[in-house]
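Scroll down for the structure; my scribbles are underneath it.
Residue numbers (the working numbering), protein chains in the order written: chain A, 2 to 114; chain B, -5 to 110.
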């Protein structure tokens, strides 16, 4: 059973606020990912990291930023939230094994009013 | 480059009937293929995966999928649907090399409804 956690699960916040979505995993995985998912739509990769101090932008442009100071922690930050940021954000991780499957957290549903 | 197409955004079956969810992929190198399930307000759970070897793969909850290279397909099946199978299902592809190395590309998802 994968152990990957996201907090908060739900967040309603006003425009212009700074927010940080937390993601932690206890599996020692070196690779971590953030996806954005709008209702009824596919997942789009917005950030990924292959290890500590390594971060890259994904296929979908995002105004969010990420950091990877510790292996187990991969937070996502929005400096100034806007209604267009309303979405579900899913964090995932993968180990060094060659099977390539990713394990997902439960997600954070963000609503910006 | 890689992409996934799931045919049918909604599939409805009766309880006990066959479940068939279709997935076609495009990949410039040999793909690794996955099916994930997502229940409302939850993350994605891995159902099954194909990497190499046997083309018919079995997963959790009685699901299985067959990798058909000639058809570039990876359809998901279950012989007998259960009410608890109602969820959204995502097909995904990644590559062991190339520019998409290790990154998952997802299909649009198929919502499965199971009627009593």
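For glycine and all other residues, C-beta sits at the position ideal for the given N, C-alpha and C. Remember, predicted model here, so these are calculated numbers, not experimental data.
Residue from the options whose Cα sits closest to the Cα of residue i
i: residue 55(A); options: 15(A), 61(A), 74(A); result: 74(A)
i: residue 11(B); options: 79(B), 96(B), 62(B), 36(B); result: 79(B)
i: residue 70(A); options: 61(A), 86(A), 51(A); result: 51(A)
i: residue 100(B); options: 89(B), 109(B), 110(B), 108(B); result: 89(B)
i: residue 86(B); options: 13(B), 3(B), 18(B), 14(B); result: 18(B)
i: residue 53(A); options: 19(A), 29(A), 103(A), 38(A); result: 29(A)
i: residue 22(A); options: 43(A), 8(A), 44(A), 49(A); result: 8(A)
i: residue 91(A); options: 24(B), 38(B), 21(B); result: 38(B)
i: residue 48(B); options: 22(B), 68(B), 1(B), 55(B); result: 68(B)
i: residue 76(A); options: 25(A), 88(A), 11(A), 10(A); result: 25(A)
i: residue 169(A); options: 81(A), 12(A), 49(A); result: The requested residue 169(A) is not part of the displayed model; chain A covers only 2 to 114.
DSSP three-state assignment for residue i, whether helix, strand or coil
i: residue 70(A); result: coil
i: residue 25(B); result: strand
i: residue 3(B); result: coil
i: residue 50(A); result: strand
i: residue 81(A); result: coil
i: residue 86(A); result: helix
i: residue 30(A); result: coil
i: residue 18(B); result: strand
i: residue 100(B); result: strand
i: residue 10(A); result: coil
i: residue 22(A); result: strand
i: residue 8(B); result: strand
i: residue 101(A); result: coil
i: residue 61(A); result: coil
C-alpha gap between residue i and residue j, whole angstroms
i: residue 63(B); j: residue 5(B); result: 24 angstroms
i: residue -1(B); j: residue 34(B); result: 22 angstroms
i: residue 63(A); j: residue 41(B); result: 29 angstroms
i: residue 115(A); j: residue 46(A); result: Outside the shown range of chain A (2 to 114) lies residue 115(A), about which nothing can therefore be said.
i: residue 8(B); j: residue 74(B); result: 9 angstroms
i: residue 84(A); j: residue 31(B); result: 28 angstroms
i: residue 96(B); j: residue -4(B); result: 12 angstroms
i: residue 17(A); j: residue 112(A); result: 12 angstroms
i: residue 16(B); j: residue 108(A); result: 26 angstroms
i: residue 39(A); j: residue 104(A); result: 19 angstroms
i: residue 182(A); j: residue 86(A); result: This structure does not reach residue 182(A), given that chain A is present from 2 up to 114, and the question cannot be answered.
i: residue 97(A); j: residue 33(A); result: 11 angstroms
i: residue 13(A); j: residue 76(B); result: 35 angstroms
Cβ of residue i within 8 angstroms of any chain C Cβ
i: residue 96(B); result: This model lacks chain C altogether; the protein chains it does include are A and B.
(request) Could you run through the region 28 to 43 of chain B and flag, in chain order, every residue whose CB is less than 8 angstroms away from some CB of chain A? (result) Under the 8 angstroms Cβ criterion, the region 28 to 43 of chain B contributes 28, 30, 35, 36, 37, 38, 39, 40, 43.
(request) Report the residues of the region 81 to 110 of chain A with a CB closer than 9 angstroms to any CB of chain B, ordered along the chain. (result) 89, 91, 92, 93, 95, 99, 100, 101, 102, 103, 104, 105, 106, 107, 108, 110
(message) For a minimum of 3 consecutive residues, which ranges assigned as the beta strand (DSSP E) are wholly contained in the region 41 to 80 of chain B?
(response) 50 to 52, 58 to 62, 67 to 72
(message) Beta carbons nearer than 8 angstroms to chain B: which residues of the region 62 to 80 of chain A have them?
(response) none
(request) Select from the region 14 to 36 of chain A all residues with a C-beta closer than 7 angstroms to any C-beta belonging to chain B, and list them in chain order. (result) With the criterion set as a beta carbon lying under 7 angstroms from some beta carbon of chain B, the members of the region 14 to 36 of chain A are 32, in sequence order.
(message) Beta carbons nearer than 9 angstroms to chain B: which residues of the region 45 to 61 of chain A have them?
(response) 45, 46, 49, 51, 59, 60
(message) Any C-beta of chain A within less than 9 angstroms: which residues of the region 63 to 91 of chain B qualify?
(response) Answer set for the region 63 to 91 of chain B: 82, 84, 86, 88, 89, 90.
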